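Count along the sequence shown from 1, then add 805; that gives the number in our numbering. The structure appears right after this line, and notes come after that.
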Amino acid sequence: MRLFDTHCHLDFAPFAANIEQHLQSAQQTGVERLLLPATGVENWSRLALLSEQFPSIYYALGFHPYFLAQQSHDAVAALDEKIASRGSRCVAIGECGLDAMVDIPMAQQEAFFLDQVALAKQHRLPMILHARKTHNRLIQLLKQSRFEYGGILHGFSGSYQQAMQFIDLGFYLGIGGVITYPRANKTRQAVAQLPLSSLVLETDAPDMPLMGYQGEPNHPKRLPMILEHLGQLQQQDRQTVAENVWRNSNLALNICE
Ligand SMILES: [Zn+2]
């Protein structure tokens, strides 16, 4: 069984000092590929370096909405340059999007998001989307931009109708630890009905702990537990779900199997 953690921050503090060991323990549970999204200009070089050191690591470059206060607008030109000279395992733009819970003006978030959409179009790359209480606005902006290269809506939680709008725009949905919580009823019901052909798995480590592991950093080695829950919701066996999400992950990011 081969698994792809399509969203984890392995360059963050809990892992940074000992990445090789963390990759090994993930690999022992079947996690063979991982996508590390960028936060902003401060971690781009680090991600590129990690992908050169470890063949299982893919990465995205972009501006995470949480960290925009630290970014100057010239950084968009720097992103364009970085992408133009990207390594072969830089496969997407992101993570980028809109977050209504963070104290950064929405106008600034939208400006950075639209710049990244333009770069993704120019370089024909998929995007890793971050959305919190902003799904409808993101859908509106993506439609207005006529964005056609798809990608992954990371950390999906929401309704079936919202999910299908992203799927109609060519996006896959990143399914994470939220489905391990019985109280996440709406999301679990949506995930049960969504087409398996549009789903991928993610841990968002060190965030989004699974049920039973609250209070400790999440880890890519827990991806098989999310797979297990997805299988139950979709009423499919592990192997079928694993094969499908592996194929979907590579398709979403234009990676050869
Ligand atoms: Zn993230």
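Positions of the beta carbon are idealized from the N, C-alpha and C atoms, including for glycine. Given the structure is predicted, the values throughout are model-derived calculations rather than measurements.
- DSSP, read as helix, strand or coil, puts M932 in strand.
- If you look at V836, you'll find it in the beta strand (DSSP E) that goes 836–841.
- Within 10 angstroms of the beta-carbon of D810 lie 16 or more other beta-carbons, which makes it buried.
- At least one heavy atom of ligand 1 is found less than 7 Å from the C-beta of D1009.
- The beta strand (DSSP E) runs of length 3 or more contained entirely in the stretch 854–904 are, from start to end of the chain, 862–866, 895–904.
- The Cβ atoms of A843 and Y871 lie no closer than 8 Å to each other.
- Checking the 7 Å criterion, the Cβ of H814 is within range of a heavy atom belonging to ligand 1.
- Here the alpha carbon of N1053 sits roughly 32 Å from the alpha carbon of Q913.
- In this structure, N1023 sits away from G979, with a CB-CB distance that is not shorter than 8 Å.
- By the neighbour-count definition (other C-beta atoms within 10 Å, threshold 16), Q1039 is a buried residue.
- Within the same chain, L840, Y863, Y864, A865, L930, P931, L1058, N1059, I1060 come within 8 Å of V896 by CB-CB distance, once the 5 residues on both sides are set aside.
- Shortest gap from the CB of H959 to any heavy atom of ligand 1: under 7 Å.
- Judged by DSSP in its simplified three-state form, V907 adopts coil rather than helix or strand.
- When distances are taken from the beta-carbon of E847 to the heavy atoms of ligand 1, even the shortest one reaches 7 Å or more.
- Taking each of L815, A995, Y986 in turn and checking the Cα distance to I972, the smallest one comes out for A995.
- Here R894 has S856, I862, Y863, Y864 as same chain residues with Cβ atoms under 7 Å from its own Cβ, once five neighbours each way along the sequence are excluded.
- The C-beta distance from G845 to Q876 rounds to 5 Å, short enough to meet the 8 Å contact threshold.
- Relative to ligand 1, E900 has its C-beta within less than 7 Å of a heavy atom.
- Remark: C-beta atoms of A905 and K938 approach each other more closely than 8 Å.
- Secondary structure at I824: helix, using DSSP grouped into helix, strand and coil.
- Setting aside the 5 residues that flank it on each side, Q998 is surrounded in the same chain by Y965, each with a C-beta closer than 7 Å to its C-beta; the list follows chain order.
- For I957, DSSP records a beta bridge to I933, Y977.
- Under the criterion of beta carbons closer than 8 Å, Q1044 and M806 qualify as touching, at roughly 7 Å.
- Between ligand 1 and P1022, a heavy atom-to-CB distance of less than 7 Å is absent.
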